[in-house]
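Peer 1:
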Amino acid sequence: MRYLTAGESHGPQLTTILEGVPSNLPLKAEDINEDLARRQKGYGRGRRMQIETDEVEILSGVRHASTLGSPITLVVENNDWKHWTKIMGIEEISEEEKEEVKRKITRPRPGHADLIGGMKYGHRDLRNVLERSSARETTVRVAAGAVAKKILSELGINVASHVLEIGGVRANPPQYKNLNELKNRTNESPVRCFDQSVEQEMMSAIDSAKENGDSIGGIVEVIIEGLPPGVGSYVQYDRKLDSKIAAAIVSINAFKGVEFGIGFEAARLPGSKVHDEILWNEEEGYTRGSNNLGGLEGGMTTGMPLVVRGVMKPIPTLYKPLQSVDIDTKEPFSASIERSDSCAVPAASVVAEAVVAWEVANAIVEQFGHDRMDLIKENIERLKSYAGEF
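Residue numbers (our numbering): 24 to 413.
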């Protein structure tokens, strides 16, 4: 499977086209809208999320609530577009009208794509860069991820995400009975954190950053349960599932790091404390004594829960901006200010969930049957049966 996204932050709409989604997958707009609503929530979001009410329109590839196997087009309208029709319009405007457009940006923000993007594409108005590089684009990536999660759900595979850390305030490792408990608790939390004891401290950190005109980042975790062993491959670097997931995580705006299982902690431990011992019993077949490697060995799933974390840096738009240089005059100035969030970590956990789900669903579809959901289900059951007898 693959998808492309299109659209600008303040343009008319955001669009994604999904190609390769199997036929006969039950799919309704509500399946996608639920995740779009989750992405809009979270303590620390800015005014833009009060303007938008993201809902998807399915324009192709689905008939009578079932996928056809043909490309699926998903569209989310930008309600804020009505305030930007002159500034972001497609039609040519006169020189006189250009003078009336007050939103030209010549002062790039440190940490954003503004300056380098302007150099790369030859834009003297840096709005041409920031409109596309904005995290608003992740709206339709979450929509694509919701379709991937629907595929996984039909296969008995469960996906969840939560926030582990915000602004240096770290949650205790979550202790839950099952993944649904984790999902329900984090969906109720204003910071999408399972650990209620640190919620208020996280929100206070966000409030402090906002009062100081600053922003803060954090760490999110995605967990997938119910995967069969052997999804992915060791035979080529570009077929390893962990490499695809890592690329997906760092493709999210402002994400700068990724780790699986115990991750970087493995560098501080001997091998005897890192690798997951292999066990076997009549009821379960092969299992593991621990899950330090996050459900992945040699680029393949082990059957244990897949656990991946991503690090999000603070958002680069600051209400007390850092020093920058005007690209027209070359004089030092404070960087431009765009409407933004003080902290988007809770929302970013939903985006991380979406991109990881897409990579896992894609690997499964590719490995177990491209075209039809029923064939994929049959082939997975065959693998499980074989693995149990291996």
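Beta carbons: idealized from backbone N, C-alpha and C, even for Gly.
1. Can the beta-carbon of Leu37 be found less than 8 Å from the beta-carbon of Glu160?
2. At what residue ranges does the region 60-133 contain a whole run of the alpha helix (DSSP H), taking only runs of 4 or more?
3. Can you give the Cα-Cα distance for Ile174 and Ala380, rounded to whole angstroms?
4. Please check the pair Gly333 and Ile399, which I expect to be a contact at CB under 8 Å, by giving their CB distance rounded to whole angstroms.
5. Give the range of the alpha helix (DSSP H) segment to which Met335 is assigned.
6. Can you give me the Cβ contacts of Glu447 inside the same chain, cut-off strictly under 7 Å, excluding the 5 residues immediately before and after it?
7. Just to confirm the assignment, what range does the beta strand (DSSP E) spanning Ser313 have?
8. Are there three or more Cβ pairs, one per stretch, closer than 8 Å when the region 150-169 is compared with the region 297-311?
9. Can you tell me whether Leu264 is buried or exposed? The criterion is at least 16 other CB atoms within 10 Å of its CB, across all chains shown.
10. Identify which residue in Gly312, Glu248, Gly191 and Ala370 has its Cα closest to the Cα of Thr209.
11. CB-CB under 6 Å to Arg61, same chain, minus the five flanking residues each way: which ones, in chain order?
12. Can you say whether His87 is buried or exposed, counting buried as having 16 or more other CB atoms within 10 angstroms of its CB?
13. Assess, as a yes-or-no matter, whether the region 207-221 is touched by the region 342-355 under the definition of 3 or more beta carbon pairs within less than 8 Å.
14. Taking DSSP's pairing of strands, which residues face Ile246 in a bridge?
15. Let me make sure I understand the geometry here. Which of Glu307, Arg150 and Gly112 has the alpha-carbon closest to that of Glu412?
16. Could you tell me whether the Cβ atoms of Val79 and Leu97 are closer together than 8 Å?
17. To the nearest angstrom, report how far apart Leu406 and Val254 are at their CA atoms.
18. Below 8 Å, how does it come out for the region 333-342 and the region 235-245: are there three or more Cβ pairs, yes or no?
19. Exposed or buried, what is His135 when buried is set at 16 or more other beta-carbons lying within 10 Å of its beta-carbon?
20. Give a yes or no on whether the C-beta atoms belonging to Val182 and Ala228 are separated by under 8 Å.
21. Hey, could you find the ends of the alpha helix (DSSP H) Gln219 is sitting in?
22. Take Met327 as the anchor and find which of Glu404, Gly249 and Val368 has the nearest alpha-carbon.
23. Mapping DSSP to helix, strand and coil, what is Arg395?
24. Measure the alpha-carbon distance for Ala386 versus Thr162 and round it to whole angstroms.
25. Going by DSSP in three states, Pro251 sits in which element: helix, strand or coil?
26. Buried or exposed: Thr340, going by 16 or more other Cβ atoms within 10 Å of its Cβ?
27. Can you tell me whether Gln390 is buried or exposed, with buried defined as 16 or more other CB within 10 angstroms of its CB?
28. Taking 8 Å as the limit between beta carbons, can you name the residues of its chain near Val281, skipping five residues before and five after?
29. Could you tell me the alpha carbon to alpha carbon distance between Ile74 and Glu100, rounded to whole angstroms?
30. Tell me which same chain residues have a C-beta within less than 6 Å of the C-beta of Arg262, skipping the five on either side of it?
Peer 2: A quick look at the data gives this:
1. yes
2. 71-74 and 118-123
3. 9 Å
4. Not confirmed; about 28 Å, so no contact.
5. Not the alpha helix (DSSP H): Met335 falls in the beta strand (DSSP E), residues Leu329 to Met335.
6. There is simply no residue 447 to check, as the chain begins at 24 and stops at 413 in what is shown.
7. No beta strand (DSSP E) holds Ser313; DSSP gives it neither H nor E.
8. no
9. buried
10. Ala370
11. Val373
12. exposed
13. no
14. Ala183 and Val330
15. Glu307
16. yes
17. 10 Å
18. yes
19. buried
20. no
21. Careful: Gln219 lies outside any alpha helix (DSSP H) and carries neither H nor E.
22. Gly249
23. strand
24. 23 Å
25. coil
26. buried
27. buried
28. Ile268, Ala269, Ile272, Val273, Val331, Arg332, Gly333 and Val334
29. 12 Å
30. Ser256
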